[in-house]
Structure formats: structure tokens, C-alpha cells
Amino acid sequence: MRLKGGNAADAAVATVLCLGIANPASSGFGGGSFILVRSNRSHFESKMNEDSASSGSSSKIPPFEDARETTDDNSNHDGDGDDVDFMTEVIDCRETAPKKSYRDMYNGLPDEASSIGGLSIAVPGELKGLELLHSRHGSLKWSEVVEPSRVLARDGVIISKHLASDIKSLFTNGFIRHGDFPGIRHYLSNRSYNNNSSSSSSDFEYLSQGEILRNPALAETLKQVQEEGADAFYTGEIARKLVTDIQQSGGIVTVEDMEDYRATIRSPVRADVAGFTVVGVGPPSSGGAAVIGALRFLSGYQTPFAANADTLSKHRMVEAMRHVFSIRMSLSDPAYSNSTIDAVNDLIRGDYMDTLRAITKDNDTLPLSTYGGSKWAQMHDVDSNQDDNGTSHLSVVDKDGNSVAITTSINNIFGSLVFSESTGVLLGDTMDDFGVPGKSNFYGLKPSKSNFITPGKRPLSSMSPTMIYRKEVILNICFLGMPVFDAVSRPRIHDQLAIHDAFITATEKSIVGENGPTLEVSRRTKDALLNRGHSQLLDIDYTGCVQAIFVDHETHTLSAVSDIRKGGFPAGW
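Numbering-wise, the sequence shown is residues 1 to 573 according to the UniProt record's numbering.
Now the structure itself:
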């Protein structure tokens, strides 16, 4: 897109559309996204003076005006807290609960009903959000940014090592049994759907690394989207076909749900922390406030991260996560919750995190019910949201300083497993991100009342697109001064307060990249955590993936890193 004269928004839209084809286990039309965009103000204002192709397709809801941390020195910032030449906004295209959904809809059904099959499908939002991003911030024609994905779907993509592993896991872990989910069976096989030969549901082999994955039905869908915009997907024949396929799989999404879907423009959450301006996405994403809250907590120590080998800093980091996850339980779609803005304010305000730091011990953990402080502690009402596993992230910066961070997801790997053969769309299982009374979710986490299902509501998410001004990348770079590659590649520790009512701190196993394994969490660090009361450590393959761009304004250079954990790679022009 840059070679065609486009900007960061154009490149972001085109790339996300292609990602849904190249890595369908993690993203696509059938899911949703959060988009954080920082755009040249003069370009944006000229765009807004034009007739917008998305007129009427969005609503302006900036619910976090009170959740902004301000400073006394506003000489270099405007009212939005940005440099005077730039503006920042969030586009929320998270999925919504169908109109026929209700709080107790999974009662009496198998445990997997919220995560596999038609009832796990919410109203998809990604395409509406991408169109809104393009109409407000892009410079090329819509047809130009859609064309690469249409060609890719038509001609096919070479299956990567990571995608091949996901496909193999899908067909060998028991989720796909004989006769189950024929759409995705055909799509991911090397017969029938991909080479137009006929075969029975059992007469196929799933695709493997190096083979070609094609999606001709999606190419046709994209052709109409290219010509008519996102409305071609949300209204008319495509919407009717998609809804028919969803309902035949047991889902409750209707044509009216599709027609009524709107992407939402929100103000970002932001705070000045330890000399950095941190900007993120607010609810229904918990990511921005959670990241700021953890940084607020850690930055209050005299030496937040004195050295990477410092085991005390690791303990403090885990304690920060636990406090943040406790408060996170009270977050939800702000349109449906009275407590969300208050919880966001406490996460990003320095004084509340100071209070939590004061009760935290350097030589021991706290009682489970203490995390989050007396105001937010609710261990016995643990949020049902797991991390978004079927997720992709993209960061783009152009020569003019415009930047876009998009996290997009279909929730679990291959989402609901429902593949619409008539449209080529793989549907996500985002209904599993809601809390269900009396039921633990896919990961054994208890439900939270603030996140119960309501028609039209958007479930809480863990997605965390983030921008940091003046310097970049969050802990390793900001506090340790690491090069961006080292910061992204180092093994991680993760704690989300409790799983199955127990303290479990996750530590990454040795991460294997193209050039061999990186360091794993050391035995010394693990022993130090155990000695401080972190009684259960769980070794896992990886705790998440990071895509980062470091902008050095002194040397006028960009450093881009794609996490080796998912096989991505940086690119530049």
C-alpha cells in the first residue's frame, strides 16, 4: 500500500484482511477487533470535510473523558493529550450478542456450547471497523486496499508452520469428529473444497505445511465488498447466506442483527507514567486500563526493574498483575455497566495504585481476597473471560508519523469451528467471552455478573493495542532499556489471579525461534517466586504474542519486531 502512495491506515486495512486468509485460525471477517489509530490532524480534518463512505455506520461514544490522566504542563499537547499535529482515537468493532441471546441461554446445554458450534457465534464486527478506519484515516480507494486479500483468497496462501500446527491440533484433539463441522473439514482438507473434487466427509486428509489453502467463496465475498463496501457483507444476499449457515449450525444470529451492527468510535484511555505517555483501548477491552494500571503500580517503586535478573522485580510484576486482574473483573461494556468508568479511573490513577502497592509485600503473597483492595476485591466472583487465543496483532507506522495498532480475534483457535461455505467466512466463538451464571468457561474460570450476556452487549476482551510516546515498548524497553527485539523475545511470566480457584503463575518454556531457542524463565526465578508464596507454577508453551515498532526520533529510524512465538515477521518500505 505504501508503494501505491497509501498511508498507515491503508496498509493496516489491507494487511488485516490478508491476515484473515493467511492465518484463519486467529482472525478474519467472522470476528472482531480493537483499533488504536494516531493520525495526522490536517489529513484527518480534510477527510472529515469530504463525504464519508461510512456515513451513518458508526456512533461517537467517548465514555472515558474522566479516565484521562492530565498533567500541569500542556504546552506541547492539545485537549486530547496528543501532539498538536496528531489526533488519536479508538475504533471498537468488537462483536455483539445477538438480539435473541439472554443471560441463561446456556443453562442445561453441554459445557462447550458457548465455545463450539452455532450458539457460540456473536455478530461479527471486524469488517465494519476496517471500513471505518479507512474512511476516516485512509488515502487510497477502498477497492485498492481490498484487492490484495481478494487475490490471496482466490489464488491461495502457502500454509505456514504455525497454521499447520493449528490445523493438525484441530483434527487430532477430538474437537472435530466424523461428520462434525463439515464446512471447516472441507475448507482445511486437501480434497473437496480446495481442489473442487468430491469426497465424503471422512475421505480426506487435512492440509499440512507448504500446501496451498484456497478460499474461493471468500474471494467472491470480497469482490462484492470491494465494489459495494462493508454493507455488502452486512446486508443483502451475503448476509442472508451467512445467517442461514449460522442458523443451520444452531446459531441465533439474524439478518436484523447483521444490519444493525455498528462500529463505535471511542476516546482512548491514557496516562503519564514514569515519563512516558501510555495510550490504550478502554472497555469493552480491559487491555488499555490493565496495562496502565500495572505500569502505575510498578513505577511507584524506587527501582521498578533494577535489572532483568532481579527476582524481586519478577515478584512485584506478578503482584501487579494480580491486583489488575482483580479490578478487571468489574469491567465490561460501558453501555451496560455503572462501575466500569470508576474501575478504569482507579486503574489509571496513581493514588489508587499507590494504595495497592502499600499493602503488597516484597517477601510474600497476599490472601486471595485482598488483591484489588477492599473496593474491588472479589475473588469469589471471578471473571469468566479467558485471554483471546485465536488472535492476531498488527502495528503500522508510516513516514509521516501516522500509526495504527490493531488487535483482531475470533477468540479461540478456529473460533466456533463453523465455516460458512456459501460466503467463505469462519465464524468466531466470542459468546464464550461472556460470563454464564453458575458455569465456568472453557478455562475453568468463574463468571462475573458485570459480564453476563445481554442482547447487543459487547463481551469484555483482553486485547491490548497500545502506543507509548517519547519512548516505546512497555516494561523491558521503558524500564530496562532493552533493544526492542530482546524485549519482545524474552520469556515471560503471566498471572491472571486465579484459575480453578487456585493461585497459578504461568512461566514460559524455552521458546524456539528460527535461530534456535531463546532463554527460558530461569530456575532461580522460579525458586524465588516459590519462596515468596507463589505456590503453583505452570510451565506453558507461551503466554501471548507481541508485535512492536520502536520509533527513534533522534536517529530517525524505525525498528520493527514480530514475535517468534507465532511465526510472524516485520516488513518495511
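All C-beta atoms in this analysis are idealised placements derived from N, C-alpha and C, irrespective of residue type, glycine included.
Here the structure is a predicted model, which is why all the values come from computation and not from measurement.
Span of the beta strand (DSSP E), counted from its first residue to its last, around residue i
i, result
"Leu-36", "32 to 40"
"Glu-89", "86 to 93"
"Arg-270", "269 to 273"
"Thr-277", "276 to 280"
"Ala-219", "Here Ala-219 belongs to no beta strand (DSSP E); instead the alpha helix (DSSP H) covers 216 to 228."
"Ala-263", "263 to 266"
Inter-residue spacing [alpha-carbon to alpha-carbon] between residue i and residue j
i, j, result
"Pro-367", "Gly-373", "11 Å"
"Gln-302", "Gly-20", "44 Å"
"Leu-46", "Val-397", "Leu is not the amino acid found at residue 46; the sequence shown has Ser there. Distance between the alpha carbons of Ser-46 and Val-397: 20 Å."
"Gly-251", "Ser-416", "10 Å"
"Pro-98", "Asp-433", "14 Å"
"Ala-12", "Glu-144", "13 Å"
"Ala-405", "Thr-466", "7 Å"
"Leu-133", "Ile-91", "7 Å"
"Gly-229", "Thr-311", "53 Å"
"Glu-259", "Phe-233", "9 Å"
"Ile-158", "Val-151", "13 Å"
"Leu-427", "Ser-392", "15 Å"
"Asp-111", "Gly-435", "13 Å"
"Glu-227", "His-315", "54 Å"
"Ala-8", "Gly-424", "27 Å"
"Lys-108", "Arg-458", "In the sequence under discussion, the amino acid at residue 108 is Gly, which differs from the Lys named in the question. C-alpha separation (whole angstroms): 24 Å."
"Gly-79", "Ala-263", "Note on Gly-79: pLDDT 37, under 50, position unreliable in the model; the coordinate value appears next. Between Gly-79 and Ala-263, the C-alpha separation is close to 24 Å."
"Lys-471", "Thr-277", "Low per-residue confidence applies at Lys-471: pLDDT is 44, beneath 50, and the placement is therefore not dependable enough to give any value."
"Val-225", "Pro-124", "15 Å"
"Ser-149", "Arg-94", "21 Å"
"Trp-376", "Ser-330", "7 Å"
"Tyr-106", "Gly-183", "24 Å"
"Met-353", "Arg-103", "33 Å"
"Ile-176", "Ser-464", "31 Å"
"Ser-208", "Pro-24", "14 Å"
"Asp-400", "Tyr-371", "43 Å"
"His-43", "Thr-15", "21 Å"
"Gly-300", "Leu-347", "14 Å"
"Leu-163", "Phe-29", "18 Å"
"Ile-327", "Ser-339", "11 Å"
Terminal residues of the alpha helix (DSSP H) in which residue i lies
i, result
"Asn-345", "340 to 348"
"Thr-525", "523 to 531"
"Ala-405", "Where Ala-405 is concerned, there is no enclosing alpha helix (DSSP H), although the beta strand (DSSP E) it sits in stretches over 403 to 411."
"Phe-325", "311 to 328"
"Thr-244", "236 to 248"
"Gly-183", "182 to 187"
"His-534", "His-534 -> no alpha helix (DSSP H), and no H or E assigned at all."
"Arg-154", "142 to 155"
"Thr-172", "161 to 172"
"Gly-373", "373 to 376"
Residue i (DSSP reduced to helix, strand or coil)
i, result
"Gly-285", "Per the sequence shown, residue 285 should be read as Ser rather than Gly. Ser-285: strand per DSSP, three-state reduction."
"Leu-19", "helix"
"Met-48", "helix"
"Ile-116", "coil"
"Leu-331", "coil"
"Val-397", "strand"
"Tyr-206", "strand"
"Leu-368", "helix"
"Met-467", "strand"
"Ile-292", "helix"
"Ser-6", "In the sequence on display, residue 6 carries Gly and not Ser. Reduced to three states, the DSSP call for Gly-6 is coil."
"Phe-297", "helix"
"Gly-129", "helix"
"Leu-109", "coil"
"Val-253", "coil"
"Ser-450", "helix"
"Leu-356", "helix"
"Phe-434", "coil"
"Phe-29", "coil"
"Val-13", "helix"
Should the region 129 to 142 be called in touch with the region 280 to 296, which here means at least 3 C-beta pairs below 8 Å?
no
Touching by the beta-carbon criterion (3+ pairs, under 8 Å), the region 210 to 223 and the region 112 to 120
no
Evaluate the contact criterion for the region 407 to 427 versus the region 121 to 131: three or more CB pairs, one atom per stretch, below 8 Å.
With the cut-off at 8 Å, the region 407 to 427 and the region 121 to 131 touch.
Touching by the beta-carbon criterion (3+ pairs, under 8 Å), the region 257 to 275 and the region 316 to 323:
no
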